[in-house]
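Enquirer:
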Amino acid sequence: MSETTSDQLADKPKSTSDGPLSYGPYPELSKYAIFVGYFLGVIIAISIGYASLKLGFSIEGSELAAILGFGILRGILRRRSIIENNVTQTVASAVNGASSGLMFSVPAIFILGYGQELNPYIVTFGAIAGAFLGIAFIIPLRKQMIDFERLTYPGGVAVATILKSPGAGIEKAKLLVGAMIFSGVIHVLALANGVHDLHVGDWLSIPEDYAYLNLMFYASLMTVGVGFIAGRGGFAFIVGGFVCYFFLAPMLDLTGMLPLDAAGNEITDANALRLTLFRPTGIGMLIGGAVIGVVFALPLIRSAIKSMQNSAKVESALSRDEMPIKLLYFAVAGAAILLMIMAWTSAEQVGIGRGIAMGLLGTLWIWMSGIILSEAIGRTNWSPLSGMTLVAVTILIMLTSGMDTTGAIVAAVTVGAATCVAMSQATDLMLDMKTGYLVGATPRMQQLGQFAGAWLGPIVIIILIYVLHSAFGLGSDELPAPQGQALASMVQGITGGDVPTEKYTAGALLGGLLSAMMGGLGITVGLGFYLPFNIVLTYSLGTLLREVVDRKKGTHWSDNKGIPIAAGLIVGEALVGVGYAVVKIATAA
Amino acid sequence: MINLAKFIVIASFLAGAFLASLDEETINWTYFIPVMIAGVVGIFLLKSSEKAAAQDDSLLASDKQILETSLNNILANLRDLDGRKDKVPTYDMRFEIDRMFREDLNNFADSRESMKHLFGLMAYADIMSSFAAGERYLNRVWSASTDGYVDEVLAYVSKAHSQFEHALEEWNKAESA
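Respectively, the protein sequence lines represent chains A and B. Here the first sequence stands for residues 1 to 589, numbered as in the working numbering. Here the second sequence stands for residues 1 to 177, numbered as in the working numbering.
1. When you compare only the Cα positions, how much space is there between A:Leu527 and A:Ala236?
2. DSSP state of A:Pro324, grouped into three classes?
3. Under 7 Å Cβ-Cβ, which residues of chain B neighbour A:Ala304?
4. State buried or exposed for A:Ser346, treating a residue as buried only when at least 16 other CB atoms are found within 10 Å of its CB.
5. Over the uninterrupted alpha helix (DSSP H) stretch that includes B:Glu175, give me the two end residues.
6. If you follow the alpha helix (DSSP H) that A:Glu149 is part of, which residue opens it and which one closes it?
7. In terms of residue numbering, what span does the alpha helix (DSSP H) encompassing A:Cys420 cover?
8. Look up A:Asp269 in the DSSP assignment and say whether it is helix, strand or coil.
9. Under a three-way DSSP split, which group does A:Ser22 fall into?
10. Between which residues of its own chain and A:Ser2 is the CB-CB distance below 8 Å, once the five residues before and five after are set aside?
11. If we ignore side chains and look at the alpha-carbon of each, how far apart do A:Gly449 and A:Pro25 end up?
12. Using a C-beta cutoff of 8 Å, does B:Ser114 count as contacting chain A?
13. Counting only beta-carbon separations shorter than 8 Å, does A:Lys174 have a partner in chain B?
14. I want to verify the contact list: residues of chain B whose CB lies under 7 Å from the CB of A:Ala190, in sequence order.
15. Give the DSSP-derived three-state secondary structure of B:Asp63 in the structure shown.
16. Using the C-alpha atoms, what's the distance from B:Asp126 back to A:Leu300?
17. At 7 Å on the CB atoms, spell out the chain A contacts of B:Ile97, in chain order.
18. Among A:Ala566, A:Ala586 and A:Thr587, which has the Cα closest to the Cα of A:Gly184?
19. Against chain B, with Cβ distances strictly below 8 Å, would A:Leu338 count as a contact?
20. Alpha carbons only, please: which of A:Leu531, A:Gly497, A:Thr442 and A:Leu260 is nearest the one belonging to A:Ser386?
21. For B:Ser12, which three-state DSSP category applies?
22. Would A:Ala506 count as contacting chain B if we go by Cβ distances under 8 Å?
23. Quick one: list the residues of chain A neighbouring B:Val41, beta-carbon separation under 7 Å, in chain order.
24. Using 8 Å as the cut-off, can you tell me whether the segment 190 to 203 of chain A makes contact with the segment 541 to 556 of chain A, which would need three or more C-beta pairs spanning the two stretches below that distance?
25. Against chain A, does B:Ile66 count as a neighbour if the rule is that its beta carbon must be under 8 Å from one of theirs?
26. Under 7 Å, CB to CB, which of the residues in the segment 498 to 528 of chain A have a partner in chain B?
27. Check whether chain B comes within 8 Å of A:Gly288, counting only Cβ atoms and requiring the distance to be less than that.
28. Keeping to the same chain, check which residues put their C-beta closer than 6 Å to that of A:Gly484; ignore five residues upstream and five downstream.
29. Nearest chain A C-beta to B:Asp151 closer than 8 Å, yes or no?
30. Rounded to whole angstroms, what's the CA-CA distance from A:Asp209 to B:Gly42? Just pull it up for me.
31. Determine the chain A residues that contact B:Asp147 at a beta-carbon separation under 8 Å, and present them in chain order.
32. Determine the extent of the alpha helix (DSSP H) in which B:Lys87 is found, giving its start and end residues.
33. Rounding to the nearest angstrom, what Cα-Cα distance links A:Leu538 and A:Asp197 in this structure?
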């Protein structure tokens, strides 16, 4: 870009009737972007981290970071740059990425009573390394999934809609804000009245014997918005849910094969059927779908890498926009070595041989799960992070056979936490990259922003975990850490030999079959098996709305009015969700 | 044949899912494996039929026409915009982007899969890399226009122009190979 001297500047207009004019570089990875990102990231990570320990749910931080960053950068600091705003939300969500990654895994060790055995420095260092590796692994995936496959990433589209609102025209801004307020108010009313689901089955007086039909809609306009933005891309996800509760469960009922409870009665409750029958198959489908997906996508991934290498050789503009592909090779080697060292030092009995095996498997799993999660969130906006962590910990515990239980669990969860943070960072960055694509950000700047934020999150979260544990005790009534409890009970099951390996294997074959039929199909249908049906039902309303609107009013209407409205529905509910968590915690305190 | 193959795969998936749901821990592999083998046969039939359909001359010719037309339209509009960019008010540039490019960008993206069959994966990757970068540069012009950054708007109109010229070079290279 040509440099503008001060003399030249003096002759140039400073503003027009439309607004002020600026000359010179367009701010992107600036100190304002980084420090506002740190500030927001720490606040969001602590709030959401604490909320997940207290309430058991985690909230995606990107929308919140985009809105708050928007307010600070544009409202207080009077800065005008959509792409700088984008880096701020990238940094903030990178800091927060550690929260979902660590809050699911580390508390399990404390709940199991092995807190004394855990080395906080190794966990923190491992989580930071895992975060960096997750970011590096995304380099070729970004090209494949965003540039080539053009996956939707509904959450990324929502954030881009927020960032672009100053230029999208007053009408779009009104639609966005109007939908935000509407969704926020509805969510406040739902929370105030304790409405979590709409029991349509009860209204229709469907008999208890058919409870598995589960005609219960998750009361969430955010979910409708996500379904709308995903459009047909999320259709397979819906199919997965309907197969479980409208085909498999009735078939089991008809053939008298429904499972029985302790009293010998047929289990018809949809959630019980999900947890015992469908979810393990769903986890297997996610894995099998990903493995076959990788096999089929490998030529394209290889082409993506080769294309990046060719661009780098001629030093094209394109290559200057990207992080160097060499970083990926260092990341793969670095991942393996770091995870080996972590595993080796986490418990005395691990030894070098087992450490190497754990490191290699951990690295492979970061790559594989990065693909699963990126596909899942790209097509549906749902990320099966907990399921992927569970599989990682299961594999790692299996490698520790022969060790005493304490050492095995500490080693597996320590390495598992690093892989979990890597997965979380990879998914978060893919969402941010989609936003970046839509606002014209430079991928390299975003990746640097993610690196800049990723180291801070694990430090904040590990300190938070230790402080809260010493104050209240993780797993206590005061701080139940439901996700950690779930993992702890699963770990106890695994160490007791209670792993549904056969169901995982069958699921993997089924997922593989679907992904061989159509790329990503095994993962999205598997996600429908994995998640509660009430979410699928509400999501399907969004998909249906999009289909009707596209047909009746045209895709132009959907793009220009439907998507701002859908984005508003997502953001309004997310903001109220965070506010609710804060109020609930303050009230409890 | 495609429909029959799809039916076999879907039927074997549903049968397999049913068999996988009969017990909380175990699977009856005696039934499950043959069902999966039927599914694999279905996949084999599907892939060979799809490959034949995707390489169908009329579909490829129609998609190629769309791809060529939209790429040429984008380039013609970019040459025009690059030539008069100084005269377009900075804050109006985003409206020009939406008006002149969005439809052709979407048309090109919607037909992109045919490039794999027309030119092979490597050429597809090279063309799509350039196309995606060009589209991203146009999105950046949109953002900079919203924020009133004069130099950035001018610079990135030119960058988008040269990126799409590069996409056309890659297209021509693939076509002549």
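Glycine included, each C-beta is placed from N, C-alpha and C at the ideal position.
Expert: The relevant details are as follows:
1. As a working mapping, residue 527 of chain A is identified with position 527 in the first sequence. As a working mapping, residue 236 of chain A is identified with position 236 in the first sequence. C-alpha separation (whole angstroms): 9 Å.
2. Numbered from 1 along the first sequence, position 324 holds the residue referred to as residue 324 of chain A. Note: A:Pro324 maps to coil in three-state DSSP.
3. By one-based count along the first sequence, residue 304 of chain A stands at place 304. Going along chain B in sequence order, the residues near A:Ala304 (Cβ under 7 Å) are Ala125.
4. The residue given as residue 346 of chain A occupies position 346 in the first sequence. That one is buried.
5. Position 175 of the second sequence, counted from the first residue, corresponds to residue 175 of chain B. That run of the alpha helix (DSSP H) goes Val150 to Ser176.
6. Working through the first sequence from its first residue, we reach residue 149 of chain A at position 149. Looking at the DSSP string, A:Glu149 is not in any alpha helix (DSSP H), and its letter there is neither H nor E.
7. Counting from one through the first sequence, the residue named residue 420 of chain A turns up at place 420. Note, A:Cys420: alpha helix (DSSP H), Thr405 to Val439.
8. As a first step, residue 269 of chain A must be located in the first sequence, where it is residue number 269. Coil.
9. One-based indexing of the first sequence puts residue 22 of chain A at position 22. Strand.
10. As a first step, residue 2 of chain A is located in the first sequence; it is residue number 2 there, counting from the start. Model confidence at A:Ser2 stands at a pLDDT of 44, short of 50, so the residue's coordinates are unreliable and nothing is read from them.
11. For this step, residue 449 of chain A is matched to residue 449 along the first sequence. For this step, residue 25 of chain A is matched to residue 25 along the first sequence. If I take the Cα positions, the gap works out to 18 Å.
12. Numbered from its first residue, the second sequence carries residue 114 of chain B at position 114. No, because no Cβ of chain A sits closer than 8 Å to the Cβ of B:Ser114.
13. Start at 1 with the first residue of the first sequence, and residue 174 of chain A comes out as number 174. No, its Cβ sits nowhere closer than 8 Å to a Cβ of chain B.
14. Along the first sequence, read from residue 1 onward, the residue named residue 190 of chain A stands at position 190. Within chain B, no residue comes near A:Ala190; the closest Cβ sits about 33 Å away, beyond 7 Å.
15. Here residue 63 of chain B corresponds to residue number 63 of the second sequence, with the count starting at 1. Three-state DSSP puts B:Asp63 in a helix.
16. Taking the first sequence and counting its residues from 1, the one referred to as residue 300 of chain A is at position 300. Taking the second sequence and counting its residues from 1, the one referred to as residue 126 of chain B is at position 126. Between A:Leu300 and B:Asp126, the C-alpha separation is close to 11 Å.
17. Taking the first residue of the second sequence as position 1, residue 97 of chain B is located at position 97. The contacting residues do not exist; B:Ile97 stays about 10 Å from chain A at best.
18. Sequence index remark: in the first sequence, residue 184 of chain A carries index 184 (1-based). That would be A:Ala566, whose Cα lies nearest to the Cα of A:Gly184.
19. Here residue 338 of chain A is taken as the residue at index 338 of the first sequence, counted from 1. Output row for A:Leu338: interface = no.
20. Locating residue 386 of chain A in the first sequence gives position 386, counting from the first residue. When each option's Cα is compared against that of A:Ser386, the closest is A:Leu531.
21. For the purposes of this step, residue 12 of chain B is taken as the residue at position 12 of the second sequence. Three-state DSSP puts B:Ser12 in a helix.
22. Within the first sequence, numbered from 1, the residue matching residue 506 of chain A stands at position 506. So, interface residue.
23. As a working mapping, residue 41 of chain B is identified with position 41 in the second sequence. Near B:Val41 there are no residues of chain A at all, since even the closest Cβ is about 11 Å away, more than 7 Å.
24. no
25. Along the second sequence, read from residue 1 onward, the residue named residue 66 of chain B stands at position 66. No, B:Ile66 does not count as interfacial toward chain A.
26. Pro500, Glu502, Lys503, Ala506, Gly507, Leu509, Leu510, Leu513, Leu514, Ala516 and Met517
27. Your numbering for residue 288 of chain A matches position 288 in the first sequence. Chain B contact via Cβ: absent.
28. Within the first sequence, numbered from 1, the residue matching residue 484 of chain A stands at position 484. For A:Gly484, where only same-chain residues beyond five positions count, the Cβ hits under 6 Å are Pro107, Ala108 and Ile111.
29. Position 151 of the second sequence, counting from 1, holds the residue named residue 151 of chain B. So yes, B:Asp151 belongs to the interface.
30. As a working mapping, residue 209 of chain A is identified with position 209 in the first sequence. As a working mapping, residue 42 of chain B is identified with position 42 in the second sequence. Answer to the nearest angstrom: the Cα atoms are 36 Å apart.
31. To locate residue 147 of chain B, count along the second sequence from 1; it is residue 147. Ordered by position in chain A, the residues that pass the 8 Å Cβ test against B:Asp147 are Ser22, Tyr26, Arg80, Ser81, Ile82, Pro166 and Gly167.
32. Numbered from its first residue, the second sequence carries residue 87 of chain B at position 87. No alpha helix (DSSP H) holds B:Lys87; DSSP gives it neither H nor E.
33. Position 538 of the first sequence, counted from the first residue, corresponds to residue 538 of chain A. Position 197 of the first sequence, counted from the first residue, corresponds to residue 197 of chain A. Looking at the sequence provided, one finds Thr at residue 538 of chain A rather than Leu. The straight-line gap from Cα to Cα measures roughly 10 Å.
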